[in-house]
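Residue numbers for the sequence shown follow the numbering used here, beginning at 21 and rising by one.
Just so it is clear, CB atoms sit at the ideal spot from N, CA and C, and this is done for glycine as well.
Below: one structure, written as C-alpha cells.
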Amino acid sequence: MGKDVIVACDFSSAEKVFEFLDKFTGRKPFVKIGMELYYAEGPSIVKEIKKRGHKIFLDLKLHDIPNTVKKAMSVLSNLDVDITNLHASGTCRMMEAAIEGLTREDGTRPLLIAVTQLTSTDQESMENDLLIHEPIDKVVMHYAANAKKAGLDGVVCSPLEAGKVHDTCGKDFLTITPGVRFADGDVGDQKRVMTPEQAKLIGSDYIVVGRPITAAEDPVAAYERCVKEFCD
Ligand code: C5P
21 MGKDVIVACD
31 FSSAEKVFEF
41 LDKFTGRKPF
51 VKIGMELYYA
61 EGPSIVKEIK
71 KRGHKIFLDL
81 KLHDIPNTVK
91 KAMSVLSNLD
101 VDITNLHASG
111 TCRMMEAAIE
121 GLTREDGTRP
131 LLIAVTQLTS
141 TDQESMENDL
151 LIHEPIDKVV
161 MHYAANAKKA
171 GLDGVVCSPL
181 EAGKVHDTCG
191 KDFLTITPGV
201 RFADGDVGDQ
211 KRVMTPEQAK
221 LIGSDYIVVG
231 RPITAAEDPV
241 AAYERCVKEF
251 CD
C-alpha cells in the first residue's frame, strides 16, 4: 500500500457515517473506524463499509494480557480490515501474541500498528501519572523499536516524530500520523499539527484526517485537497 489519506469517521451511528460516505462518488476514501462508531454499531459496520469498497483502519487500540489480545485479534482477523492497532505499552509479549492471533490460517493478516504514547500524553503527565522519567521522545522511539522487534508493521505517531521513527526503525516501517490541519484551517484541540504537504515532506506514510474533512462545508473538496497535497 502506498501513501494515502485516511479519513477518521468519528460518527456515532451507521446512519451518520453513510450520509457522509454517500457524498464520495469518485475516489473512495480509506476509512478509519474508531471506538465510538464500532461500539455503537458493532462488527456489521466494518463489513458494510468494506462492502462499499473502502479500505479500513480499525482503530480499537487493544491493550490487555497477551492471551486476551491474541484471542481478540483472532476474532478481528475475520473482519477483513486493512489495518488495525494496539498499545505498544502492553509489552513485546502482548504484541507478539497479537500477531499470532491476527494471522489467518492462510498466513495473511491485516497490517498491525502500535500506538506509542498518545499525543494527549505529555512529559508532565507521563512522569506524574505513569512514573516514566525518560524524555518522551526517547520513550516513543523505544516503543517503536519494540513494535518493530515484535514484528509489527509500524506506529501511530505525531507527524513531528515520523522522520525520527524512520531513522530508528527503517523507511519501510510505517508511520501513520494524525494531527493534520490545513495551513488556513482551524487547529481545534490538536496541539502539534502539520499540513498534509509538510507531513508528506517529513515522510509520513499515511495521514489520518478527521474534522478538517468531516466538518468541512464541502467534505469531498477537503478530502481531495488532502490527497492532492499529500499523495500527488
Ligand atoms: O478530527 P481530527 O483530525 O483531530 O481527528 C484525528 C483522529 O486521529 C481522531 O480519530 C483521533 O482519535 C485520532 N488520533 C489522534 N491522536 C492520536 C491517535 C489517534 O488524534 N495520537
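Within 10 angstroms of the beta-carbon of ILE85 lie fewer than 16 other beta-carbons, which makes it exposed.
When secondary structure is reduced to three states using DSSP, ILE119 falls in the helix class. Its chain contains ILE76 and ASP100 as the residues whose beta carbon lies nearer than 7 Å to that of LYS70, once the 5 sequence neighbours on both sides are disregarded; these appear in chain order. The residues CYS112, in chain order, have a CB closer than 8 Å to that of LYS169 in the same chain once the five nearest residues on each side in sequence are set aside. By the 16-neighbour rule on beta-carbons within 10 angstroms, TYR59 is exposed. Take ALA117, set aside five residues on each side of it, and the residues of its chain with a beta-carbon closer than 6 Å to its own are PRO86, VAL89 and LYS90, in chain order.
Here LEU194 is actually not in contact with LEU138; their C-beta atoms are around 18 Å apart, not less than 8 Å. Remark: C-beta atoms of ASP24 and PHE50 approach each other more closely than 9 Å.
The stretch 175-183 and the stretch 207-216 touch, with three or more beta-carbon pairs separated by less than 8 Å.
For HIS107, the uninterrupted beta strand (DSSP E) run begins and ends at 103-107, by DSSP. DSSP places ILE76 within a strand segment (E or B) once states are collapsed to three. Nearest to PRO63 by alpha-carbon distance, out of HIS74, LEU78, GLY73 and ASP30, is LEU78. Scanning its chain for C-beta atoms nearer than 7 Å, with the 5 sequence neighbours on each side dropped, one finds around ALA236 the residues ALA242, in chain order.
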